[in-house]
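Colleague: I'd like to ask you about the structure that follows.
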Amino acid sequence: MARLADGAAGGSAARVAGRGRARVERSGRGQSERGARGAGADAVVVIPPISAEGDRPAPPHPRPAAGRAGAAWLASLVGLVILAFLLYRADRRALLDLLVTFGWAGTLCMVLLRILPVATSAEGWAVVLRALAVPATWRSLFWPRLVGDYVNILLPVAHVGGEVARGLMVIARGAPRAAVTASILVDMTFALLALVAFVLIALALLAGLGREADWWLLAVAVVAACFILGVFYLLQRRGAGLLLGLSARLFGGEAAALHQGWAECERLLSTLYRDRRVVLRASGWRLLAWFAGALEIGVAVFWITDFPGWAAILAMEGVAQIFRNAGFAIPAALGAQEAGYVVGARLVGLPAEVGLALAVIKRARDLLIGVPVLCLWQWRWLRRWRPGGGGGGTTA
868 MARLADGAAG GSAARVAGRG RARVERSGRG QSERGARGAG ADAVVVIPPI SAEGDRPAPP
928 HPRPAAGRAG AAWLASLVGL VILAFLLYRA DRRALLDLLV TFGWAGTLCM VLLRILPVAT
988 SAEGWAVVLR ALAVPATWRS LFWPRLVGDY VNILLPVAHV GGEVARGLMV IARGAPRAAV
1048 TASILVDMTF ALLALVAFVL IALALLAGLG READWWLLAV AVVAACFILG VFYLLQRRGA
1108 GLLLGLSARL FGGEAAALHQ GWAECERLLS TLYRDRRVVL RASGWRLLAW FAGALEIGVA
1168 VFWITDFPGW AAILAMEGVA QIFRNAGFAI PAALGAQEAG YVVGARLVGL PAEVGLALAV
1228 IKRARDLLIG VPVLCLWQWR WLRRWRPGGG GGGTTA
């Protein structure tokens, strides 16, 4: 036994010594390379961490590549071209008159109405979290939901960064990573499912009222929404880790926290999709959120022009949201949102200028809400990380 113990100790000592020699050799090389910069200077050598597999350095955290920045700029350019084309084709004097008619009073009304879709979306997410035994209410999720929405709306994050942000905010409160990740993926799926139902309801209402419409445009919109929904669902069921891996590459180490424990997350996804009660309740709340968003547009249309009826409003909002989701790669959906409202307005017999005015009104509303929200979020985040500021959390 003594010989075995001595042998084990000797082997451990040899391994430690071997690693020590490797470190000294690397350090020596670093110092010799720095010797030409000045004799007697103390060289600071940073040695890469040793991986569990041996002396090979562990790979560094992924950093955003220049190619992704170039792609974002290219997508922004495409959006600007679309927006410029729409403005060129529109009657700009009529557009300005519509915006003046709406004014600050209408914009303030839009700001207040924004509470409804955010609150109903938060309750839909809370339904999913409660099904995973995570305590949640719409009140507790209202702030993460609001921050996530405006990260997606205002920042060039391909509609992924907002989901990462709201997930990290809930994880920082002590919720399990796997449960939060699964809840976000399911919540996004239910939002797309509710959008398809929303457009189909609008289609049925238009047909029932005998309204004149470009039905082929609505059909294309429904097919596009179904395609987006199907792709997103298949990514989850056939290796949704790709989604989280992409977010980790795009947004660095914090997003990588959501990528941990993917096997447990897949198990939770299967459990949630098999629970029909959760599917119906969460999808129902997300459907209410789409209707609440249509209420905002209905008020704006009523304010600036002749009201075409709620069926037309639902159809216009559904088409606009499909365009916005399809343009996820364009930062802030610039041009995609405007094109969606123009197509939606023409679909229900309204001038293109009305659609452009609605898009501009929503942009103004989003800036009035989103800029203070994101500034407050960042201030709280920095205060959490500041020494002595109650740090230790991931985000605020």
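Counting in my numbering, the sequence shown runs from 868 upward without gaps.
Beta carbons are placed, not taken as given, at the ideal position from N, Cα and C, and that holds for glycine.
#1: Which residue's Cα is closest to the Cα of arginine 1232: Gly1151, Glu1205, Ala1219, Leu979?
#2: Identify, in the order they occur along the chain, each residue of the same chain with its Cβ nearer than 7 angstroms to the Cβ of alanine 1196, setting aside the five sequence neighbours on each side.
#3: Measure from the alpha carbon of valine 1227 to the alpha carbon of each residue in Trp1246, Ala1200, Gln1245, then state which is nearest.
#4: Hey, out of Gly1202, Met1055, Ala1042, Phe1009, whose CA is closest to glycine 1028's CA?
#5: Taking the alpha carbon of leucine 1062 as the reference point, which residue from Asp1173, Leu1181, Arg1148 has its own alpha carbon closest?
#6: Pull up the distance between the alpha-carbon of glycine 1041 and that of threonine 1048, whole angstroms please.
#7: Return the Cβ separation of aspartate 958 and glutamate 1133 in integer angstroms, given the expectation that the two are a contact with Cβ distance under 8 angstroms.
#8: Grouping DSSP H, G and I as helix and E and B as strand, with all else coil, what is valine 1215?
#9: Have a look at proline 1198 and phenylalanine 1094 and give me their C-alpha separation to the nearest angstrom.
#10: Could you tell me which of Val1037, Ala1206, Arg997 sits nearest to isoleucine 949, measuring between CA atoms?
#11: Smallest Cα separation from phenylalanine 1158: which of Ile1068, Arg1191, Phe1190?
#12: So, under 8 angstroms CB-CB, alanine 1203 and glycine 1015 are touching, yes? Tell me the CB distance rounded to an integer number of Å.
#13: Out of Ile1051, Ile1171, Gly991, Asp964, which one is the CA nearest neighbour of arginine 1148?
#14: For alanine 865 and leucine 983, I'd like the C-alpha separation in whole angstroms.
#15: Can you give the Cα-Cα distance for isoleucine 1051 and leucine 1136, rounded to whole angstroms?
#16: Less than 7 angstroms between the beta carbons of valine 1018 and alanine 1032, yes or no?
#17: According to the neighbour-count rule (16 or more other Cβ atoms, all chains shown, within 10 Å of its Cβ), is glutamine 1245 buried or exposed?
#18: Can the beta-carbon of leucine 1013 be found closer than 7 angstroms to that of valine 985?
#19: I'd like to check one pair, glutamate 1184 with isoleucine 1171: are the Cβ atoms closer than 7 angstroms?
#20: Pick from Ala1058, Trp1010, Gln1188, Ser1007: whose alpha carbon is nearest that of leucine 1155?
#21: Go ahead and pull the three-state DSSP assignment for threonine 968.
Modeller: On the basis of the coordinates in this document:
#1: Leu979
#2: Ala942, Ala1025
#3: Ala1200
#4: Met1055
#5: Leu1181
#6: 13 angstroms
#7: The pair is not a contact, with the Cβ atoms about 53 angstroms apart (cut-off 8 angstroms).
#8: coil
#9: 21 angstroms
#10: Ala1206
#11: Ile1068
#12: With 8 angstroms as the limit, alanine 1203 and glycine 1015 do not qualify as a contact, their Cβ atoms being about 19 angstroms apart.
#13: Gly991
#14: With the chain covering only 868 through 1263, there is no way to say anything about residue 865.
#15: 10 angstroms
#16: yes
#17: exposed
#18: yes
#19: no
#20: Ala1058
#21: helix
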